[in-house]
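See structure below.
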Amino acid sequence: MWRLLYQAALGLDYVLKKRVVHGGLKLNNILIGADGQAKLSDYGVSILRSCFNLSRDPLSRSASGELRWYAPECLVREPTVASDVYSFAMCMIEAALGQPPFAFLSDDDVRDNVRKGIIPDHKEDMASDVSELIVSMTNFEPRKRPPLQCVIDKLKAFADTELKDEEQAKERCCGVCSASILDSSRFCSQCGTQVGEASHIDNEPPIDNEVVYAYSTESASSTPPRPDSQIIAPALSKDMPILELLEVIQTGDTANCEQALLLLLQVCIDEEPRKLLYDVNGIVVLVEAAKTCPSNFGHLCALKCLNLFANLDSKFPRQEYEALRKSVRNVSTHELLSLTTALKSGNSDDKLKAVMCCACIAWATDSEELDDFRIVALIIPLLRNTNAR
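If you count the sequence shown from 1, position 115 lands on 115 in the UniProt record's numbering, and the numbers rise without skipping.
Here it is in structure tokens:
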């Protein structure tokens, strides 16, 4: 986490030196490339305002979805470099907590907190030196906030410590199955791999010219295919680790993205996997999939997962969830006919997928089209038959 935030801070510093203030910085503006490097986005409007000497009404800014990351002074005047430092601190809080600042407060309550200089409670989730840095970056007085270069130096120290800890932990983990290995053991107790034997994954050549937009609005399907690839992707299954499913959702083609979202939905019905998904910041990936997945079914699966977090765990803002739900398009006649065919003559996997798709459609769109195509009548016998189910 700290390595990525450090890289993002370097990007922010570069643009600020070009005399362009971001003014709307939030964690969704930090993109993760296939090379593992963090990049900043959404500078376009800021650059245009700078080039044409335009200003923006503070009230319109506060209503643009950026309020939760705002410095107090941005409610009454244009943002400055110090404002970006404040917003970057809120990104750090968001990354640590795994949810947007003031996730469960209304915009009015958030605006009141921003006006008073109140920031989210974070001290229990961070080391004391990290918390001290955030407190200094969010000082109510802009002139009392540290220069960005001081923040960069601190982030580099955090990133170096994080890397050292990861390397030490990696030394006693299996390179094939990632299982923990006792100090006295020479072989992995799970898969038998000798300690120190390199995993084929570690030797995999880097992917060139590929960008994975983990937080951007660009679809994962826009990722260019890897040329002359000799690597065969493993078959997707519910037994795959959640982190691998999330990676497929972010980097895979449309079919694999859809399949991974379906499997994730099946897994997330249970509380423990849902907690793990939340802990690894999977909500961010689900939100992006709900916005950009080319497959309507994948879109619906992502929304249903978010529905579980919103209704069962209260870990996703209901207001944001409802806004995503309103973006669901109506199911097409072609899709309904495909569902009918799968329910009538598909194999057990096809029928399972079709049933889950119908459930997502009925839940998300309040549509009566399933009845019009007599799909409900096809589903009832399947639900009674455990083999088909």
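Heads up, the beta-carbon is just placed ideally off N, CA and C, and yes, glycines get one too.
Exposure of residue i, with buried meaning 16 or more beta-carbon neighbours within 10 Å
i	result
V331	buried
K18	exposed
A96	buried
D239	exposed
G36	exposed
G44	A caution first: G44 carries a pLDDT of 45, below 50, which makes its placement in the model unreliable, though a value can still be read off. When all chains shown are included, G44 counts as exposed.
L31	buried
R77	exposed
E244	exposed
P147	exposed
residue 421	Missing from the structure shown is residue 421; the chain here goes from 1 to 389 and no further.
L155	buried
S29	Sequence check: residue 29 is Asn here, not Ser. With 16 or more other Cβ atoms within 10 Å, it is buried.
T161	exposed
A127	exposed
E258	buried
A323	exposed
H334	exposed
L312	exposed
Y14	exposed
Q250	buried
For residue j and residue i, believed in contact at Cβ under 8 angstroms, the rounded distance
i	j	result
A89	T138	5 angstroms
C144	S131	Going by the sequence as given, residue 144 is Lys instead of Cys. Wrong, their Cβ atoms sit about 17 angstroms apart, outside the cutoff.
I242	G298	Actually they do not touch by this definition, with Cβ atoms about 17 angstroms apart.
L133	V151	7 angstroms
G98	Y278	6 angstroms
Residues near residue i in its chain [Cβ-Cβ closer than 7 angstroms; skip 5 each side]
i	result
V110	L67, R68 and F102
A302	L261, L286, A289, A290 and C293
R329	N296
E94	L27, P100 and P101
A354	L339, A342, L343 and G346
C305	L264, L265, C268 and L286
E73	S83 and P142
Q7	Q37 and A38
Heavy atom of the ligand SAM within 8 angstroms of residue i beta-carbon
i	result
E141	Annotation note on the ligand SAM: not contained in the displayed structure, which lists no ligands.
Option in the options with minimal Cα separation from residue i
i	options	result
I269	L300, L243 and L308	L308
D153	K26, A9, C305 and Y321	A9
N113	R143, A71, S136 and V151	A71
F140	E162, Q99, L105 and V85	V85
S338	K326, K351 and S327	K351
R24	D107, K39, M1 and P79	For clarity, residue 24 is Gly in the given sequence; the question names Arg instead. Checking every option, the nearest Cα to that of G24 belongs to P79.
S87	P142, N281 and G98	P142
V284	D121, V267, P317 and G252	P317
L336	D349, E320, E162 and A362	A362
L5	L16, D160 and M92	M92
V280	V15, L246 and Y321	L246
Q149	A38, L12 and G98	L12
E166	D129, D349, H334 and M1	M1
D107	S348, R325 and Q319	Q319
Neighbourhood of residue i by C-beta, 8 angstroms cutoff - its chain only, sequence neighbours within 5 removed
i	result
S314	F104
S237	L263
C357	F297, L300 and L339
S327	A290 and K291
I375	L336, L339, T340, L343 and C358
A310	F316, P317, R318 and Y321
Residue i at chain C interface by Cβ criterion, 9 angstroms
i	result
K304	Reference to chain C is not applicable here, since this structure consists of a single protein chain.
Residues of its chain near residue i, where Cβ-Cβ distance is below 6 angstroms and the 5 sequence neighbours each way are ignored
i	result
C360	L300 and K304
V248	N256 and A260
R3	A159
S136	P146
L16	V81
I119	T138
P273	V267
residue 406	It is not possible to answer for residue 406, since the shown part of the chain is limited to 1 through 389.
Validate contact between the region 373-382 and the region 343-352 using beta carbons, cut 8 angstroms, 3 pairs: yes
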